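Data first, discussion second: the structure below is written as structure tokens.
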Amino acid sequence: MREGGIADWLRRRWPWLLLLILPLIPLGKPLLTGQAAGPFDQLRATAPWNAPVPETPWDILQADAVLQFFGWRDMVFKAWGSGHMPYWNPYEFCGTPLLANSQSGGFYPPHILVGILHLPTAFAITLLAYLHLAIAGLGAYALSRRLGAPREGAALAGVTFALSPFFILWAGLASVISTLAWLPWCLYFLDHLLDPESPRKPRFCAVALGLCLTMMILAGHLQFVFYGFLALGIWGVVRAVQTPHAKRIALALLALVAGGLLAMPQLGPVLAYGSQSHRRNTPTGEGYQAYVASALKPYELSLLTTPMFNGNPRERLDPGSAQFSNYWVPAVKSGANLAESAITIGPLVAALLLLCPWRNRRVWPAAAIGLVALLLALGTPLNALFYFWIPGWSSTGSPARIEALFVLMAAVLAGVAMARLPDLASKKYLPLLPLLLPILSIALLRTVTGANESLTTLISRTGIQQAGPAFVFAALGAAALYFAVKGKAWIAPAVAAATAAVWSASLLLTGSPLAPVQGPPNGERVGIVNKEWRLDAVPHSLLAPNLAAQSGIHEIAGYDSLISKDTVSFLKSVGEGFDPAPALNGNMMFLKPRFNVPKLQQSGVKTVWSLQEIEGLGKPTRDPRGFFVYNIGGPGRAVLESGKTSKEVTDITDGSDFIRLNVTGPGKLTVRDRLVKGWSTFIDGKPTEDTGDFWHEVQIPDGQHVVEFRYTPPGMQGFLALGLLGLILLFTTGFLAKA
Numbered sequence: 002m003r004e005g006g007i008a009d010w011l012r013r014r015w016p017w018l019l020l021l022i023l024p025l026i027p028l029g030k031p032l033l034t035g036q037a038a039g040p041f042d043q044l045r046a047t048a049p050w051n052a053p054v055p056e057t058p059w060d061i062l063q064a065d066a067v068l069q070f071f072g073w074r075d076m077v078f079k080a081w082g083s084g085h086m087p088y089w090n091p092y093e094f095c096g097t098p099l100l101a102n103s104q105s106g107g108f109y110p111p112h113i114l115v116g117i118l119h120l121p122t123a124f125a126i127t128l129l130a131y132l133h134l135a136i137a138g139l140g141a142y143a144l145s146r147r148l149g150a151p152r153e154g155a156a157l158a159g160v161t162f163a164l165s166p167f168f169i170l171w172a173g174l175a176s177v178i179s180t181l182a183w184l185p186w187c188l189y190f191l192d193h194l195l196d197p198e199s200p201r202k203p204r205f206c207a208v209a210l211g212l213c214l215t216m217m218i219l220a221g222h223l224q225f226v227f228y229g230f231l232a233l234g235i236w237g238v239v240r241a242v243q244t245p246h247a248k249r250i251a252l253a254l255l256a257l258v259a260g261g262l263l264a265m266p267q268l269g270p271v272l273a274y275g276s277q278s279h280r281r282n283t284p285t286g287e288g289y290q291a292y293v294a295s296a297l298k299p300y301e302l303s304l305l306t307t308p309m310f311n312g313n314p315r316e317r318l319d320p321g322s323a324q325f326s327n328y329w330v331p332a333v334k335s336g337a338n339l340a341e342s343a344i345t346i347g348p349l350v351a352a353l354l355l356l357c358p359w360r361n362r363r364v365w366p367a368a369a370i371g372l373v374a375l376l377l378a379l380g381t382p383l384n385a386l387f388y389f390w391i392p393g394w395s396s397t398g399s400p401a402r403i404e405a406l407f408v409l410m411a412a413v414l415a416g417v418a419m420a421r422l423p424d425l426a427s428k429k430y431l432p433l434l435p436l437l438l439p440i441l442s443i444a445l446l447r448t449v450t451g452a453n454e455s456l457t458t459l460i461s462r463t464g465i466q467q468a469g470p471a472f473v474f475a476a477l478g479a480a481a482l483y484f485a486v487k488g489k490a491w492i493a494p495a496v497a498a499a500t501a502a503v504w505s506a507s508l509l510l511t512g513s514p515l516a517p518v519q520g521p522p523n524g525e526r527v528g529i530v531n532k533e534w535r536l537d538a539v540p541h542s543l544l545a546p547n548l549a550a551q552s553g554i555h556e557i558a559g560y561d562s563l564i565s566k567d568t569v570s571f572l573k574s575v576g577e578g579f580d581p582a583p584a585l586n587g588n589m590m591f592l593k594p595r596f597n598v599p600k601l602q603q604s605g606v607k608t609v610w611s612l613q614e615i616e617g618l619g620k621p622t623r624d625p626r627g628f629f630v631y632n633i634g635g636p637g638r639a640v641l642e643s644g645k646t647s648k649e650v651t652d653i654t655d656g657s658d659f660i661r662l663n664v665t666g667p668g669k670l671t672v673r674d675r676l677v678k679g680w681s682t683f684i685d686g687k688p689t690e691d692t693g694d695f696w697h698e699v700q701i702p703d704g705q706h707v708v709e710f711r712y713t714p715p716g717m718q719g720f721l722a723l724g725l726l727g728l729i730l731l732f733t734t735g736f737l738a739k740a
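If you're matching positions, the sequence shown starts at 2 in my numbering and goes up one per residue.
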């Protein structure tokens, strides 16, 4: 590079470098120490690890990072690393589909690469979190530049979005940030494709749009995928009305269809199995009221200033008492969690929104998306349109989650507003604008209703405590505006980066993976008894559902976002007709202390683990890890019956798409793993009939044989064909765009 070339390159590319480096602020230490996002220390305080309860208060939502996502990622990575398809989870619910759980991201390309490279799971999860924060930040930067932002303004947009409290708080629940990271890129390429005056080649934009949409779908969180579709629809309609160009509109539609088809090898099994979901319901007026009750409340808009304005969920209310945090919102809003209301953009971005060039038609698509997102997040009647008319929408999470789109659009529009600042130098009031937001936040606390005297005192005390930091951030924003008007616009992204660093340091929970637990030999299934799940403190639990899977232990219970109705019915019958789910979580299924012993035996369970003694099971042995062990007998997981005799088969190998047994016949082999559509049976490599209904049953001829059950999601050949069609259509779209 010629002399002076490096300096010139840095002047042009410093925002990209900034957005690649900044995610290391929250994730650098975990990357170096082999930790992953999630409250591992809180789960380590449960049995059988029995570590001391940490000072950080219990966070029921963040616990899913450990209970669900770590195990799912581990299974997917190991499947690809061993050369198998991530189709089946053999450990939970007596076996359950893995790929059909969209949040496992079984076919997501970064997951495939990580598995093939055999990276340690914790390191891989943190590396992927870094990757997606960087992708999100660079995407917001590119989109803001596309709408007219200067480099400094676009850098502000990238920092604000990628290191927003929303992204940091959802980092452990990895499918959320993985899905959202691709949205700004989808919008960026869509905008180029619909613009006849765009300097970018339509061929490149069409192919890039389709691929980014595919990545967004494969990342796995379908609620946020739909938010992405909504954003693309609004952006496309507004831009098509502004610059109607039939051929470019057709190219955009073809690219989007191609991207959707390309994702069908994963999306197809998800949609097919989703038709059996226990969460599938009929929308009702009562259900709608419960749904919008979880929307943002006016007092939660005080979080626009700082994420801690309603209290810090990482600090105890009273250091000497139970694990209640001083985040007080759950006391007036059932099920509230800071991650669900993380609408923070900061005083600087809020002030810049007031200065956005709203008459500029180029910003209208972003403004429309931001407005619709805010209206939906606030629980307005607009939600009814989606709740009652979009199939499956009534089973999704809080409407407040769409605030992510508001945060993205606010960041992008704030970046655009930076271009106006030199023209507003005569406006002496500009530096005062960021100071308005903390004042508004304090006023919004007055909208809280239903608080008793002690809670009112806590709200006031928290507001006073948080007002100081809020005004500090506002003062920094005021200084950034002042210097930006004077020509030092780089201070704005610097202030945003410093602010984000302070927030992320206290919001992100990380920890080392849990030590493996020694289970019974030969793939034996265990009944692990639990009876409670808590909102306010670390639950008194033993290997909470899905933790067993991380140690390769088979159990009858489990925790999944997609559970079939017949699995729930089966668990209910084992539990003497009682609901297996705890009151606080309908996706978590327990084996509760009261159960039908014969039915538990017939599910392949021979041993029961429990923290409490259970009447009627005989005398237990005391495991040194702090729980009781009951031997309830039973035939075992795999049994060969020949005449009047039966023998347990213990030579079992489980995989992510197969179960393999070495068996000496003759007799009828029963394998008590769930038999669902998609299983094929082979004896010594030759197809044979599986005569089972709920469990596998196969007639074994005389002699020694290898019996293998192979699982492929039903309809997979068709879904692969649709994926191939999508790939062909995508390149055809690129060819048409070139023509």
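Even for Gly, the Cβ is constructed at its ideal location relative to N, Cα and C. Treat the numbers as computed from the prediction; the structure is a model and nothing was measured.
Within the same chain, and ignoring the five residues on either side of residue 136 in sequence, the residues whose Cβ sits closer than 6 Å to its Cβ are 182. Inter-residue distance for residue 179 and residue 670 is about 43 Å (C-alpha atoms, whole angstroms). Between the alpha carbons of residue 444 and residue 394 lies a distance of about 34 Å. Taking residue 524 as the centre and dropping the five residues before and after it, the same chain places the C-beta of 555, 638, 653 and 655 closer than 7 Å to its C-beta, in chain order. Of all alpha-carbon atoms in 30, 406 and 350, the one lying nearest the alpha-carbon of residue 167 is that of 406. Here residue 17 has 139 and 142 as same chain residues with Cβ atoms under 8 Å from its own Cβ, once five neighbours each way along the sequence are excluded.
Counting only runs of 3+ residues, the beta strand (DSSP E) found wholly inside the region 478-557 occupies 526-529, in chain order. With a cutoff of 9 Å on beta-carbon distance, residue 257 and residue 214 are scored as near each other. Listed as beta-bridge partners of residue 669 by DSSP are 642 and 700. Secondary structure at residue 89: strand, using DSSP grouped into helix, strand and coil. Here residue 383 is exposed, its C-beta having fewer than 16 other C-beta atoms within 10 Å.
When the Cα atoms are used, residue 327 and residue 728 turn out to be separated by approximately 51 Å. Using a 10 angstroms sphere on the CB of residue 557, the tally of other CB atoms reaches 16 or more, which defines it as buried. The straight-line gap separating the alpha-carbon atoms of residue 649 and residue 575 is approximately 22 Å. With a 10 Å radius around the Cβ and a threshold of 16 neighbouring Cβ atoms, residue 359 comes out exposed. The continuous beta strand (DSSP E) containing residue 681 extends over residues 680-684. Residue pairing for residue 612: DSSP places it in no beta bridge.
Sixteen is the threshold: when 16 or more other Cβ atoms of the shown chains lie within 10 Å of the Cβ of residue 105, as they do, the residue is buried. Of the residues assessed, residue 251 falls on the exposed side of the cut-off, its CB having fewer than 16 other CB atoms within 10 angstroms. Residue 37 has 512 as its beta-bridge partners, per DSSP. One thing to note: residue 724 has its Cβ no nearer than 9 Å to the Cβ of residue 349.
Straight-line spacing of the CA atoms in residue 553 and residue 520 works out to 8 Å. Under DSSP, residue 632 shares a beta bridge with 608. Residue pairing by DSSP leaves residue 216 without any beta bridge partner.
For residue 652, there is no enclosing beta strand (DSSP E), as DSSP marks it with neither H nor E. Residues of the same chain with a CB within less than 7 Å of the CB of residue 235, apart from the 5 flanking positions on each side, are 366, 369, 370 and 373 in chain order. Contact annotation: the region 228-246 does not touch the region 695-713, with fewer than three C-beta pairs closer than 8 Å. Using a Cβ distance threshold of 9 Å, residue 514 and residue 122 count as a contacting pair. According to DSSP, residue pairing for residue 559 in a beta bridge involves 590.
Contact between the region 327-343 and the region 455-464 is established, with three or more Cβ pairs separated by less than 8 Å.
Secondary structure note for residue 688: its beta strand (DSSP E) is the uninterrupted segment 687-689. The beta-bridge partner set that DSSP reports for residue 660 consists of 655 and 710. Its Cα nearest to that of residue 45, the residue 542 stands out among 632, 426, 542 and 240.
Taking a cut-off of 8 Å for Cβ pairs, the region 339-349 and the region 289-306 touch, as three or more such pairs fall below it. Collapsing the DSSP output to three states places residue 315 in coil. Residue environment analysis places residue 254 among the exposed positions, since fewer than 16 neighbouring C-beta atoms fall within 10 angstroms of its C-beta.
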